[in-house]
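Structure first, commentary second.
Residue numbers (the numbering used here), protein chains in the order written: chain A, 1 to 259; chain B, 260 to 539; chain C, 540 to 776.
Have a look at this one:
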């Protein structure tokens with residue numbers, strides 16, 4: 001008898017894990033984001049998701065007249081999560097690159113900012129060249145274009161990969177790292193806080209279109225071309241009607257849309 | 260002459276004929292084997308299908324590097340742990356209450372908490388004590404993820420090895436100690452020449468298990484940025500999202516563990532061939 | 540020092556409630572994995588001692604795989620690979636359906652599979668310790684195989700296997716810490732987040748270790764009680 005109940009329990013749990021068949025009419029879009037990348041997306045300690053990405057997402061959903069639901073997912077698993085139907089779109093400052101295009105499709109970009117390197121204030125480094133940075137402890141977040149950039153341009157450094165930006169920031173602050181690479185806006189935002197007071201920007205780097213891609217876009221599954229087109233359209237619309245500028249100015253002093 | 264039994268007819272019991280029919284167990288067994296074979300074929304097809312020269316070029320050497328890192332990590336941690344385990348086991352068996360308590364606490368902590376928690380404690384915790392370490396000139400050690408990993412793993416395996424050692428020493432019959440003291444042998448000769456060899460035989464299997472556990476535990480080093488097999492594989496996956504990276508990791512670990520297990524079994528059989536095995 | 544402990548407060552200012560929910564998840568994950576692990580382990584042990592060679596081999600292959608792979612890797616394989624596998628399988632039948640294995644289920648499956656492989660060995664050595672006479676006696680009484688198993692063998696089996704199984708439970712509790720890597724908000728992850736945000740890693744990871752120690756302590760006490768209960772029929776020397 002107990003065995004039967006156990007089997008029933010298994011069946012129930014399995015069913016609970018299955019989501020129902022969804023129609024292709026986009027009335028509700030689940031948006032995957034990381035929540036650890038301020039000022040673009042950040043999970044506050046009270047559980048609220050805030051940031052540029054979040055506001056843009058909300059604006060786009062308003063434009064597309066759909067309901068937006070946010071799902072947080074670790075960065076390393078965010079593309080597998082999309083492919084596994086955990087959410088329908090990724091709005092998490094994900095750069096549009098050819099490597100990623102093999103797995104997912106992207107809308108047109110919604111911003112484009114260059115990478116930069118941060119170092120401790122007392123660092124002896126003066127320039128960002130392969131030779132100057134040879135042998136140093138270099139940190140970056142894994143699965144990002146920034147870690148790829150570091151591997152490509154600063155191959156002589158000892159690259160350390162971290163699951164979230166918080167961890168490399170921690171190691172930069174406590175001296176484990178000699179330098180770290182990430183988006184210039186993200187680093188500047190951090191440097192302005194108490195924790196970032198330890199460090200400064202060494203230099204902003206030149207974007208490499210092959211590595212950094214065309215900017216940050218919204219990732220969708222390859223078969224969801226209608227969603228992709230709706231998002232691209234919505235981005236153009238909010239650029240045109242000033243909503244983008246409103247959100248942009250809330251966070252930044254310059255236009256992050258880029259060229 | 261009819262009653263004379265033919266001596267050429269030896270008393271052979273009638274041949275037991277076990278019906279080779281399809282019992283439930285047999286069906287199950289063949290289904291299960293079929294499943295494994297299908298899985299193996301599926302896996303093989305998956306690898307062949309996702310084989311891309313780009314992936315192999317890029318990552319094959321890195322995976323091998325990761326393999327070397329894993330082996331180094333495991334060997335160094337085990338050796339340091341073994342050395343550490345001697346005094347700890349000694350303390351555990353000492354008559355001094357304080358020594359017993361300290362070593363008990365040590366063993367309890369390292370066996371009672373997850374290895375990942377210990378690794379985080381050492382790696383991230385050390386970061387917050389940086390000024391202290393710099394003052395005593397040890398920051399260079401804790402700064403490096405590799406040393407942190409070795410530190411955490413050695414302490415962990417020392418606790419387990421101490422228990423194995425203690426268990427096996429206590430397992431040696433009291434009579435051995437008594438016989439030695441009645442022969443007037445000094446304690447250290449008793450221990451190293453008589454007790455320890457016997458203890459080692461009992462300890463062989465658990466030591467083998469501990470080595471395997473260390474190999475598996477080493478995967479945790481990847482979470483504190485060490486590029487062992489797991490670290491390289493995760494890096495490869497994070498760039499290519501190609502699942503075969505994990506398959507290769509599984510293959511490498513399985514080869515390591517299986518090889519070790521068979522070697523260890525041979526070793527154990529050889530070293531205990533003078534002992535009669537009862538039961539299992 | 541006081542501010543450090545203030546960080547553990549419940550409510551909006553402290554991390555106490557987040558960590559508590561993490562502990563809840565740790566315990567529930569372990570408790571959820573336990574029955575599956577035990578059942579699968581038991582079935583595996585039966586298979587391993589069967590007379591049918593193919594069944595034995597199949598069971599041994601299972602054990603080799605899950606004892607040989609690091610638990611972390613098994614977790615990733617189930618989480619990422621299982622997802623792909625199940626999705627392909629479901630797509631075969633229902634082309635439009637979506638099937639999502641959430642992290643909890645993935646963790647549960649991975650942990651149960653690993654638990655089962657070790658538990659099967661524990662059950663097997665317990666089986667071996669039960670003399671053939673028990674089975675013979677049972678059948679002499681006219682009980683069929685299932686009844687013999689249920690009424691005669693199982694109670695003895697549990698008593699014999701309990702110390703080893705108890706040990707495996709303690710290991711299971713510790714292994715749940717790995718699910719923090721696939722995003723589950725267990726004890727490890729919550730303390731990790733707290734450590735990151737407050738920049739007090741040593742404090743919070745020490746708390747994490749303390750929590751696991753307490754869980755192990757409670758489990759040990761519970762297990763000792765259960766062991767004493769199974770021994771209640773034995774002659775006290």
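Glycine included, each C-beta is placed from N, C-alpha and C at the ideal position.
All values reported here derive from a predicted model rather than from experimental measurement.
- Nearest CB-CB separation between residue 386(B) and chain A: below the 8 Å threshold.
- Residue 652(C) and residue 509(B) have their C-alpha atoms roughly 15 Å apart.
- The beta-carbon of residue 317(B) is placed no less than 8 Å from the nearest beta-carbon of chain A.
- Looking only at 313(B), 308(B), 330(B), the smallest Cα-Cα distance to residue 514(B) is reached by 330(B).
- The beta carbon of residue 616(C) sits closer than 8 Å to the beta carbons of 608, 649 from its chain, once the five residues preceding and following it are set aside; these are given in chain order.
- The CB of residue 162(A) comes closer than 8 Å to the CB of 484 in chain B, given here in chain order.
- When only Cα atoms are considered, residue 549(C) and residue 734(C) end up about 16 Å apart.
- DSSP, read as helix, strand or coil, puts residue 159(A) in strand.
- Along the segment 733-744 of chain C, going in chain order, the ones with a CB nearer than 8 Å to a CB of chain A are 735, 736, 738, 740.
- Annotation for residue 202(A): the continuous beta strand (DSSP E) segment containing it runs 199-204.
- By the neighbour-count definition (other C-beta atoms within 10 Å, threshold 16), residue 543(C) is an exposed residue.
- Proximity of chain A to residue 627(C) at the Cβ level (cut-off 9 Å) is not reached, the minimal Cβ distance being about 11 Å.
- For residue 668(C), the closest C-alpha among the options 682(C), 556(C), 700(C) is that of 700(C).
- Each residue's CA atom was taken as its position, placing residue 720(C) and residue 71(A) some 17 Å apart.
- In the structure shown, residue 128(A) falls within a coil segment according to DSSP collapsed to helix, strand and coil.
- Counting the other CB atoms within 10 Å of its CB gives residue 492(B) a total of 16 or more, which places it among the buried residues.
- Per DSSP, the unbroken beta strand (DSSP E) holding residue 67(A) starts and ends at 67-72.
- Contact annotation, residue 423(B) with residue 462(B): C-beta distance approximately 5 Å; criterion of less than 8 Å satisfied.
- Considering only beta carbons, the part of the segment 164-187 of chain A lying closer than 7 Å to chain B consists of 170, 171, 174, 175, 176, in chain order.
- Contacts with chain A at 8 Å (Cβ-Cβ) do not include residue 505(B).
- Secondary structure of residue 669(C) (DSSP, three-state): coil.
- Among the bridge pairs identified by DSSP, residue 120(A) is matched with 199(A).
- Rounded to the nearest angstrom, the gap between the Cα atoms of residue 445(B) and residue 675(C) is 53 Å.
- Closest in alpha carbon position to residue 40(A), among 47(A), 57(A), 28(A), is 57(A).
- Contact annotation: residue 48(A) and residue 92(A) have beta-carbon atoms that are not nearer than 8 Å.
- Residues of chain C whose Cβ lies closer than 7 Å to the Cβ of residue 195(A) are, in chain order, 738.
- Taking a contact to require three or more Cβ pairs closer than 8 Å, the segment 430-440 of chain B and the segment 450-458 of chain B qualify as touching.
- It is roughly 10 Å from the alpha-carbon of residue 211(A) to the alpha-carbon of residue 144(A).
- With its beta carbon at least 8 Å from every one in chain A, residue 311(B) lies outside the interface.
- Within the segment 188-254 of chain A, complete alpha helix (DSSP H) segments of at least 4 residues are found at 209-212, 225-240, 243-251, given in chain order.
- Around the beta carbon of residue 283(B), fewer than 16 other beta carbons lie within 10 angstroms, which makes this residue exposed.
- Rounded to whole angstroms, the gap between the alpha carbons of residue 344(B) and residue 417(B) is 5 Å.
- A direct Cα-to-Cα measurement between residue 687(C) and residue 590(C) gives close to 18 Å.
- When 8 Å is used as the limit between beta carbons, residue 80(A) is near these residues of chain C: 619, 622, in chain order.
- Taking C-alpha positions only, residue 324(B) is separated from residue 610(C) by approximately 21 Å.
- Residue pairing by DSSP places residue 111(A) opposite 216(A) in a beta bridge.
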